[in-house]
Amino acid sequence: YRRKVFFNYEKRLRLRSPPEKVFEYFASFQTPEGELFMRPADLMRAVVPVFPPSESHLVRDGYLTGERSPGELRCDPSEFFMLFDMNSDGFISFKEYIFFVTLLSIPESSFSVVFKMFDADNNGEIDKEEFKKVMSLMRANNRQGAVQRDGLRFGLKVSGSVEDGGLVEYFFGKDGKARLQHDKFVQFMRKLQDEILRLEFDHYDYKGRGSISAKDFALSMVAAADMSHLDRLLERVDALNDKPQLREVRISLDEFKHFAQLRRKLQPFSLALFSYGKVNGLLTKDDFKRAASHVCGVSLTDNIVEIVFHVFDSNKDGHLSWDEFVRVLRKRERDIAQPVESGIMGLKSCCWNCSNNSSIGQLLFKALSVNHVDGTDLLTSSVCFVTDGGISAFTFSHRYLSRSEDVVNHGKE
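Using my numbering, you'd call the opening residue of the sequence shown number 91 and step up by one each time.
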């Protein structure tokens with residue numbers, strides 16, 4: 091129960107909180123002066139929804155106030171991140187975190203498009219100033235970057251531009267005069283996504299066996315599901331223990347990577363599943379493997395397919411509920427790329443989108459009040475939407491938790 095409560099809290103935190111709060115919760119290292127830093131694995135957990143590994147006794151992935159012990163600024167190295175770690179301490183500052191979150195919001199299919207957007211003079215190369223200008227623009231259009239406020243929370247003050255740092259030096263040299271070529275940028279972006287994927291696998295490989303259990307692989311699939319569907323999916327994940335042929339299955343890093351490749355090619359894959367289902371009816375395991383191989387060029391093992399069908403076979407008829415499967419995988423990619431806005435700004439954005447989608451859309455805020463309830467602030471707003479279809483009224487209540495521990499007390503809100 092506590093795992094589920096904290097997972098739900100962390101999921102909301104990633105999607106709805108300002109980046110300062112996300113960084114503060116997931117950063118695992120604190121200097122004697124109180125400044126927080128992330129290890130590479132912390133960056134992964136701050137971006138990717140993950141459950142505590144099934145082979146561990148952990149109940150959450152972040153840290154509560156007072157749990158970090160100040161120590162020497164050094165962590166286990168990640169070969170990839172050490173490439174642009176200029177002081178070789180192995181840690182990621184808040185400024186670097188914002189930079190990486192912005193880069194991770196770019197889907198693989200858009201790497202070349204983004205580079206061409208950088209390349210203002212269309213010569214296949216970009217200079218430092220071109221790169222910084224467009225990164226600043228991208229950061230402004232990414233929720234985590236856009237709502238970042240310098241110095242909002244203690245220990246997270248950004249000194250200098252977010253667009254400066256070890257990564258920019260890696261691309262353009264210490265003097266900033268080198269030029270970044272298209273192939274190097276695309277290769278870097280792929281390596282960044284691969285490293286985040288490896289860190290996710292290592293997270294579930296709690297005992298360092300080089301493989302993860304079928305249950306942990308299933309957890310990695312359903313972690314991004316909408317909260318309204320999560321309990322049902324978790325019941326199916328737990329039911330893996332009732333199937334001897336799946337309970338002892340181990341998934342390798344290569345199998346994990348191949349499934350991630352399929353997720354990144356979800357658009358053509360989902361179209362193939364939809365088209366086949368419309369023509370031939372129910373999807374079998376062979377159909378699923380054939381679509382992955384022929385349409386996406388991805389080879390899936392029988393173990394992966396068996397786990398997928400177990401988790402996403404909603405009526406237990408031996409066939410895939412492909413719409414549910416696609417919906418969960420698409421939500422993961424969308425949430426990582428563009429988490430929703432938080433608080434009043436999130437409500438404002440939602441209302442703006444609603445009004446834009448209606449020819450006579452008007453928004454009338456009837457009431458906005460803040461009350462002190464059970465030691466926390468409860469924001470209540472009543473909103474009236476006037477649209478072509480009539481008038482709809484909604485009441486929103488947001489409980490702001492002052493400390494992460496409060497989620498245990500209010501986990502059922």
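Ideal Cβ positions, reconstructed from N, Cα and C, are used throughout, including at glycine.
Being a predicted model, the structure only gives us computed values, none of them experimental.
Could you tell me the alpha carbon to alpha carbon distance between residue i and residue j, rounded to whole angstroms?
| i | j | result |
| --- | --- | --- |
| M207 | G152 | 36 Å |
| V369 | D306 | 34 Å |
| L103 | S342 | 30 Å |
| A308 | G367 | 24 Å |
| I426 | I286 | 12 Å |
| P139 | M311 | 10 Å |
| S202 | Q271 | 11 Å |
| V204 | I302 | 35 Å |
| V327 | Q277 | 35 Å |
| N331 | L194 | 34 Å |
| C165 | M172 | For C165, the pLDDT reaches just 44, beneath the cut-off of 50, and the residue's location in the model is therefore unreliable, although a value from the coordinates is still provided. Rounded to the nearest angstrom, the two C-alpha atoms are 11 Å apart. |
| D284 | D377 | 28 Å |
| F189 | L352 | 26 Å |
| F402 | G387 | 22 Å |
| D265 | S226 | 20 Å |
| A117 | A313 | 21 Å |
Rank the options by C-alpha distance to the C-alpha of residue i and give the top, closest one.
| i | options | result |
| --- | --- | --- |
| G124 | S183, R92, V137, S168 | S183 |
| K267 | A117, K218, E198, F402 | K218 |
| P108 | R93, V191, Y91 | V191 |
| L148 | V95, T121, E110 | V95 |
| A131 | L323, L282, D344, L324 | L282 |
Apart from the five residues on each side of it in sequence, which residues of its chain come closer than 7 Å, Cβ to Cβ, to residue i?
| i | result |
| --- | --- |
| F399 | K375, L410 |
| F97 | F141 |
| D316 | K421 |
| E396 | L336 |
| F170 | K281, E285 |
| L133 | I182, Y187, F190 |
Within its chain, find whatever has a CB closer than 8 Å to the CB of residue i; leave out the 5 residues flanking it on each side and keep chain order.
| i | result |
| --- | --- |
| F113 | L126, M128, A136, F184, Y187, L246 |
| L356 | V416, L419, R420, E423 |
Let me know if residue i comes out buried or exposed under the rule of 16 or more other beta-carbons within 10 Å of its beta-carbon.
| i | result |
| --- | --- |
| A382 | buried |
| S168 | buried |
| P360 | With the sequence shown as reference, residue 360 is identified as Ser, and Pro is not the correct amino acid for it. The residue is buried, with at least 16 neighbouring Cβ atoms inside 10 Å. |
| Y91 | exposed |
| R337 | exposed |
| T210 | In the sequence under discussion, the amino acid at residue 210 is Ala, which differs from the Thr named in the question. By the 10 Å Cβ count, A210 comes out exposed. |
| S318 | exposed |
Consider the Cβ of residue i: report whether some Cβ of chain B lies at a distance smaller than 8 Å.
| i | result |
| --- | --- |
| G300 | No chain B appears in the structure shown, which is made up of a single protein chain. |
CB-CB under 6 Å to residue i, same chain, minus the five flanking residues each way: which ones, in chain order?
| i | result |
| --- | --- |
| L372 | H409 |
| R354 | E198 |
| N393 | V339 |
| R280 | none |
Could I get the ranges of all uninterrupted alpha helix (DSSP H) runs contained in the stretch 255 to 302, with 4 residues as the minimum, in chain order?
DSSP runs (the alpha helix (DSSP H)) wholly in the stretch 255 to 302: 256 to 262, 272 to 294.
Return the chain-ordered ranges of every beta strand (DSSP E) run that is complete within the stretch 327 to 363 and spans a minimum of 3 residues.
Segments of the beta strand (DSSP E) lying fully in the stretch 327 to 363: 340 to 342.
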